[in-house]
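Engineer: I have a structure here, written as structure tokens, and I will follow up with some questions on it.
Number of protein chains: 2
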Amino acid sequence: MSNIANTPLPPYYAVIFTSIKEPNDTGYFDMALRMLELANGQEGFLGMESARNDVGITVSYWSNLESIKKWKMNSEHLIAQEKGKSQWYKKYKTRICLVERDYEFNK
Amino acid sequence: MSNIANTPLPPYYAVIFTSIKEPNDTGYFDMALRMLELANGQEGFLGMESARNDVGITVSYWSNLESIKKWKMNSEHLIAQEKGKSQWYKKYKTRICLVERDYEFNK
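Heads up: the sequence lines are chains R and B, in that order. Reminder that position 23 of the first sequence reads as 14 in this note's numbering, one-by-one numbering, no gaps. Reminder that position 11 of the second sequence reads as 2 in this note's numbering, one-by-one numbering, no gaps.
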């Protein structure tokens, strides 16, 4: 998650997940790593970017809405989502977006 | 930038700006603060979220494509973009996205 995702030409989808955690985040890091590993194996997964200070932002990229829906319903991911609500997150917002255009700069 | 942006009901636009900085980032922090202040005064600006570790992710939210175009062409922002390329950023990727759906959780 420490690089810029190498996504294909648009259109594709982005899921922007912005969150604020509870002070006690035991188990959070292991879960986040496992979710990245699990997402990587999903059909339509194109990449992920993540950073956290006061707010955490994780953006995952997907080929289409169907692949996002399948990921949301993945059984292990569902358990993580429940633990997220009961334990780790104070609040979060998820935004499903169609990436229409992109451009990049490389030195 | 230390909270989740309080955006209106979709549809609206998101600009996902993912970057990796050069080691020497003199002046970067002041510029980032000034750009937030400046964006705040722009027509169509809906909010901003930002976090940085190895990768920095800044997501700004906008009413429509026209307001994003005007922001990109803002004269002071143009100067910051140039300094970004010559000094601060090793690489970056900008993605223009239509937010189709969102949902949130609050404890």
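C-beta: ideal position from N, C-alpha, C; glycine also. If you're wondering where the values come from, they're calculated on a predicted model, not measured in any experiment.
Provide the residue span of the beta strand (DSSP E) that contains B:ILE7, from first to last.
Structural biologist: Run containing B:ILE7: 3 to 12, per the beta strand (DSSP E) assignment.
Engineer: Less than 8 Å separating the beta-carbons of R:ARG92 and B:ILE48?
Structural biologist: Contact flag unset, no.
Engineer: The beta strand (DSSP E) that contains B:LYS98, what's its start and end?
Structural biologist: Note, B:LYS98: premise wrong, no beta strand (DSSP E); not H, not E.
Engineer: Note down, in chain order, each residue of its chain lying with its Cβ closer than 8 Å to the Cβ of B:TYR80, except the 5 sequence neighbours on either side.
Structural biologist: Answer for B:TYR80: SER10, ILE11, LYS12 and GLU13, listed in chain order.
Engineer: Report the residue ranges of all beta strand (DSSP E) runs contained in full by the segment 47 to 87 of chain R; include only those spanning at least 3 residues, in chain order.
Structural biologist: Runs of the beta strand (DSSP E) inside the segment 47 to 87 of chain R: 47 to 53.
Engineer: Please report the distance separating the alpha-carbon of B:ASN31 from that of R:PHE8.
Structural biologist: Spanning the two alpha carbons is a distance of roughly 22 Å.
Engineer: When the Cα of R:TYR19 is compared with those of R:LYS84, R:GLU73 and R:LYS98, which residue comes out closest?
Structural biologist: When each option's Cα is compared against that of R:TYR19, the closest is R:GLU73.
Engineer: Any Cβ of chain B within less than 8 Å of the Cβ of R:ALA71?
Structural biologist: No, R:ALA71 lies away from the interface with chain B (no Cβ there is under 8 Å from its Cβ).
Engineer: Using CA coordinates, which residue listed in B:TRP53, B:MET22, B:GLY75 and B:MET26 is at the minimum distance from B:ASN(-3)?
Structural biologist: Out of B:TRP53, B:MET22, B:GLY75 and B:MET26, B:TRP53 has the C-alpha closest to the C-alpha of B:ASN(-3).
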